[in-house]
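**Student:** Those letters in the sequence shown? Residues 6 to 983, by the numbering used here.
Glycine included, C-beta positions come from ideal geometry on N, C-alpha and C.
Got a structure here, written out as structure tokens. Questions coming.
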Amino acid sequence: MLKNSEFLKIADQGMLKQFLITFLPLSVLVGGVLMIIHQAESKAERGAISINETRNVDMQTKIAARDFNLIKSDLMFLTTQNELQFMLNQPVDATKTLELRQTIAKEYFSMSEQKQLYDQIRFLDTTGKEIVRVNLNQGQPSIVPDEKLQVQAKRYWFKDTLPLKSGEVFVSPLDLNIERGKIEQPLKPMIRFGTPVFDSQGQKRGIVVLNYLGEKFIQNLQKENSTTLGEMLLLNADGYWLKGLKPENEWGFMYEDRKDQTFAKAFPNVWQQIGTTESGQFQTADGLFTFKTLYPLLEVQKAQSSTGATSAFDSSQGKVDAKSYHWKIVTLVPSAILNARSQTSFHRLLFFDIILTGLIGVGSWLLALSHLRRQQADTELQATFADLTAIIDNLADGLLVTNTIGQITRFNPALLKMFQLGDINIKGKDCGEISQAKIADLVKQTHKQSREIFTAEINLAADRVGQALATTIFKEASKSEAARWLGSVILIRDVTAEKEIDQMKTDFISTVSHELRTPLTSVLGFASIIKEKLETDVFPMLSTENPKLQKTIKRVGDNLNIIVSEAERLTSLINDVLDIAKMEAGKVEWQMQPIDPSELLDWATNSTAGLFETNGLQLVSEIEPGLPQIVGDRNRLLQVLINLISNAVKFTESGCVTCRVKQENEGVCISVIDTGVGITPEDQPKVFEKFRQVGDTLTDKPKGTGLGLPICKQIIDHHGGRIWVESEPGKGSTFSFIIPTAVSDRKTTANLNLDALVKQLKEHITTTNPVLNQNSKTILVVDDEANIRELLRQQLETEGYNVREAKDGVDAIHQIKIARPDLILLDVMMPQINGFDVAAVLKNDPYTADIPIIILSIIENKERGYHIGIDRYLTKPIDPGKLLNEIGSLLSQGTSSKKVLVVDKNASTLKTLSDVLETQGYSVIQASDPQEGINKARSAKPDMIIIDSIFSQEADMVKALRFEKDLENVFFIILSDR
């Protein structure tokens, strides 16, 4: 891996390169796109300007035409004025004429005031004399008095208007108004409209002239040109400025010193195109020119014009035709404005370009940084993956990962080595292909119950043992995705060494416990004898009047009771240690049979009824009706239930304990619910650990060995069930376990109580050689511990038995050959030859085979003893009462009668009974029908016969066998379904 400084140096170079790779193309692309947008916008802008300018010029042309026609209408109205016609047609005196003139003047005044278009409105007679004139000065009309009326006979417009016919109109050129031979100041552009006036006889009597204010005309044009971006220009036919870019360049044809101030001179190339074309639009370096030709004479019907005159009293040079009288309406949008519009768009897009380039730069830098970080993360991920792969490959435990359909997706070399699979690639194969069905079962279990952890012991190659742990793999949920199941993972550890250590530990615990039992047997036995002797022989002889003596007697009795009680408690502890050790070693004998759950609860509650009375608690039973039977070892399950009930009573000060039985999918669930102190959540997983007791062990005195619940768990696990706890501190605890229900093929043996059957056999076994004087019977005690022999001697002699002792197995066999005893008490762990071998020798010798043998041992291996043929198997410490009962029972029968004939048509029942009886030391003969049973009974001469009730009724088998020789006293047990 690279060092940090080396990585950063390479990272800086790579980051700059990645930045440029991203930034440059995107910047060029954005710049190009914005340039295209700029060109498109410029083109669209130019198009919009072009359309706008063309529309403006067209509108100006239409406005001019409209204005001219309105002027003609006003002119024609004045020629037909009633007062004027009356004055011209009717002979009137001077007074009447004056009145009419005044009326006409008032009409002219009203028009001038309303229109505000005409500088002068006048009527002249045929001699050129003004009859009526109204002037407009700064917007205010005024009637010119008679003394100021002038004669205009020499003016060109009078001369050119007077010859016109009725209805014809003279339109003068657009020029400046001249007063008294000089251009009027301020400048007053003017167009004169005139037409002749005729009387009713058709006689021409004068003309009406309207001096139209050219400034109004130009203003109207400019008003319609308000949306143009440039300047509105008005040119006459010769190219002179009527409305120009600069005022000093206008009306050049009216001034001698401005004859060269023309549009044609300022824009020769442009004028060349404008002057020869009706309308159009083009662009030059100066800007965008849009123009259209306006023909006033064509716009005004019957209009005529002349060249006009530049001096006040000059005549016009001649008439001008309608085509020659025209103006050019031009708009000019300077290049500076066009460029400014384009540059505005350019600057705006440039601003966007700068911003976008900056954003691209930042984004490219962040992208490069992200790329660097991703590269670094990929490098770290690869390194982590390599480390993880190395860890997995070098893991001592075998690792197996499967997908959701059970196919192998990952494994490590340790797994191949564990199963000696060589170097084959098992990826993609089904997990069942590695020759381990338990692994496939584990995977199936994780599929059914996700997020649970399952364990199993599996066989590895070379006779080694592995512990497998399996669970599901889930990808945790996120905001955008729900939790997803990826498959299963199995970790397999070679626990061969651990198993050997566990075995050594189990053997050590067993040995220590066994060694404790021998002295404990002596302590408990002799303490019991001392207590009994004192109470029966010593204390009654002492004086009862001495208080001090009485106190001493009571204290001695209490001390002996404490010795016995503590010895019994120590015995219970040793039994628990040995019990769990045997379970872990797989040496427990399991008597599996169908059991009624309600009966199991009844047995447990009856056994613990005294606890409830002592502690003042209430017992509540809740049993669901119609429960199916379960399959299990009755005594072991009863042990579990009694332990749970006892714990519930132990940790409950007040309230009640509820026992609930109900059916669930997995089987029958039995729960013990208390209202005690409860268990904290962190302590709940510990309650099933060995030698662990929850709570504060410094302040709370432990109430037991800490093995009760672990033993319960071992028992329930063996039954294929599960046990768990639910608790809340201060409110109580609920311990529950589930046991699978019985399968259908066991129905025929469902009601068979095997323990009761064995007990009945022991109680009613036939006496083959009765002895009249039972007290004279001899019992041989065989044990290598002198204290134990002495203890048994005292207990037996007290009951009137003759007692002989043998210090070991060899001594015992020797003594038995010399003098045959009536019963043998035999220890197992002895030097030279153990008790099992001694029993085997005796049972295989016809001379000693019928001597009853009771094994008294610290080793609990009943199955081996019963297979040899012993009669009873009791463990130390010795329960004197139970021992004496067994001795009495065996001695009452005289000899060891062990032969049993079982007759039943059901193969399952036949096998179950045979297995149970054989483990109890009986020799079993089987028969499946009545005739076979009779034949085997005649030949084998059994001591007991167990027969199905149906057979006994059908063939009258019992009656037939009663009359057989040597079978008169055979004990019969009839099995009934009820």
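Select from LYS822, ASN216 and ASP813 the residue whose C-alpha is nearest the C-alpha of MET835.
**Tutor:** For MET835, the nearest C-alpha among the options comes from ASP813.
**Student:** Since ASP446 is in the alpha helix (DSSP H), which residue starts that stretch and which ends it?
**Tutor:** Segment 442-453, the alpha helix (DSSP H) holding ASP446.
**Student:** Within a Cβ cutoff of 7 Å, which residues of the same chain sit near GLY19, ignoring the five residues on either side of it in sequence?
**Tutor:** So the qualifying residues of the chain are LEU377.
**Student:** Any idea what DSSP makes of SER231, helix, strand or coil?
**Tutor:** Looking at SER231 - three-state DSSP - the assignment turns out to be coil, as it is neither helix nor strand.
**Student:** Answer with buried or exposed for LEU740, where buried requires no fewer than 16 other C-beta atoms within 10 angstroms of its C-beta.
**Tutor:** According to the sequence displayed, residue 740 carries Phe and not Leu. With 16 or more Cβ atoms within 10 Å of its Cβ, PHE740 is classed as buried.
**Student:** Report the partner residues of GLN425 according to the DSSP bridge assignment.
**Tutor:** According to DSSP, which records beta bridges pairwise, GLN425 is partnered with nothing at all.
**Student:** DSSP on ILE76, reduced to helix/strand/coil?
**Tutor:** If DSSP states are grouped into helix, strand and coil, ILE76 belongs with the helices.
**Student:** Quick one: residues in its chain with C-beta nearer than 7 Å to the C-beta of LYS248, no 5 flanking neighbours on either side, listed in chain order?
**Tutor:** Result list for LYS248: ILE223, MET237, LEU238, LEU239 and GLU255, in chain order.
**Student:** Measure from the C-beta of LEU355 to each C-beta in chain B and report whether the shortest distance is under 8 Å.
**Tutor:** Structure shown: chain B not included; a single protein chain is present.
**Student:** Secondary structure at GLY207, three-state DSSP: helix, strand or coil?
**Tutor:** Three-state result, GLY207: coil.
**Student:** Could you tell me the boundaries of the alpha helix (DSSP H) in which ARG641 lies?
**Tutor:** 639-655 is the span of the alpha helix (DSSP H), which, as asked, contains ARG641.
**Student:** Our contact map puts THR451 next to VAL470 with C-beta atoms below 8 Å; I'd like the distance itself, whole angstroms only.
**Tutor:** Actually they are not in contact, since the Cβ atoms of THR451 and VAL470 sit about 22 Å apart, beyond 8 Å.
**Student:** Rounded C-beta distance between ASP243 and PHE272? I'm assuming under 8 Å.
**Tutor:** That pair is no contact at about 14 Å.
**Student:** Could you check the C-alpha separation between PHE459 and LYS946 for me, to the nearest Å?
**Tutor:** The alpha-carbon atoms of PHE459 and LYS946 are separated by roughly 54 Å.
**Student:** Is ASP953 helix, strand or coil when you go by DSSP?
**Tutor:** The answer is strand: DSSP assigns ASP953 an E or B state.
**Student:** Which residue from ILE396, THR389 and MET423 puts its Cα closest to that of GLY403?
**Tutor:** Nearest of ILE396, THR389 and MET423 to GLY403, Cα basis: MET423.
**Student:** Whole beta strand (DSSP E) runs in the stretch 276-325 with 3 or more residues, listed along the chain?
**Tutor:** As far as the stretch 276-325 is concerned, its whole beta strand (DSSP E) runs of at least 3 residues are 284-289, 292-299 and 308-311.
**Student:** How far does the beta strand (DSSP E) with MET116 in it extend, from its first residue to its last?
**Tutor:** Taken as a continuous stretch (DSSP letters only), MET116 belongs to no beta strand (DSSP E), being part of the alpha helix (DSSP H) at 99-120.
**Student:** Can SER350 and GLU46 be called in contact, C-beta distance under 8 Å?
**Tutor:** Taking 8 Å as the Cβ cut-off, SER350 and GLU46 qualify as a contacting pair.
**Student:** Are the beta-carbon atoms of ALA824 and VAL787 separated by less than 8 Å?
**Tutor:** Not closer than 8 Å, so no.
**Student:** State the start and end residues of the unbroken beta strand (DSSP E) segment that holds ARG665.
**Tutor:** Note, ARG665: beta strand (DSSP E), 661-668.
**Student:** Which partner residues of TRP332 appear in the DSSP bridge assignment?
**Tutor:** DSSP output for TRP332 lists ASN241 and LEU299 as bridge partner(s).
**Student:** Could you give the distance in angstroms between the alpha-carbon of GLN23 and the alpha-carbon of ALA473?
**Tutor:** Straight-line Cα distance between these residues: approximately 50 Å.
**Student:** Rounded C-beta distance between VAL275 and THR289? I'm assuming under 8 Å.
**Tutor:** The pair is a contact, with the Cβ atoms about 6 Å apart (cut-off 8 Å).
**Student:** What residues match up with GLU731 in a beta bridge as DSSP calls it?
**Tutor:** Its beta-bridge partners are THR739.
**Student:** Thinking just about the alpha-carbon of each residue, which of ILE478, ALA467 and LEU303 is nearest to the one in THR407?
**Tutor:** THR407 has its Cα closest to that of ILE478, out of ILE478, ALA467 and LEU303.
**Student:** According to the neighbour-count rule (16 or more other Cβ atoms, all chains shown, within 10 Å of its Cβ), is GLU891 buried or exposed?
**Tutor:** Burial call: buried.
**Student:** Distance, Cα to Cα, CYS674 vs GLN425?
**Tutor:** Their backbone Cα atoms lie some 43 Å apart in a straight line.
**Student:** Could you work out which residue in LYS443, ILE76 and SER455 is closest to ASN464 when comparing CA atoms only?
**Tutor:** Of the listed residues, the one whose Cα sits closest to ASN464 is LYS443.
**Student:** My understanding is that GLY437 touches GLN412, with C-beta atoms under 8 Å, so please give their C-beta distance in whole angstroms.
**Tutor:** Rounded, the Cβ-Cβ distance is 10 Å, inconsistent with contact.
**Student:** Beta-carbon separation of GLY886 and TYR878 under 8 Å?
**Tutor:** Not in contact: GLY886 and TYR878 (Cβ atoms no closer than 8 Å).
**Student:** In terms of DSSP beta bridges, what is GLN490 paired with?
**Tutor:** The sequence given here places Trp at residue 490; Gln does not occur at that position. According to DSSP, which records beta bridges pairwise, TRP490 is partnered with PHE479.
**Student:** What are the boundary residues of the beta strand (DSSP E) that ASN417 is part of?
**Tutor:** Premise fails: ASN417 is in no beta strand (DSSP E) and is neither H nor E.
**Student:** Could you pull the start and end residues of the beta strand (DSSP E) that VAL929 belongs to?
**Tutor:** VAL929 -> beta strand (DSSP E) spans 928-932.
**Student:** In the DSSP assignment, find the unbroken alpha helix (DSSP H) run with TYR871 in it and report its ends.
**Tutor:** It spans 867-873 - the alpha helix (DSSP H) in which TYR871 sits, taken as one unbroken run.
**Student:** Less than 8 Å between the CB atoms is what I'm expecting for MET259 and LEU181, so what's the real figure, rounded?
**Tutor:** About 5 Å separates the two Cβ atoms, so the contact holds.
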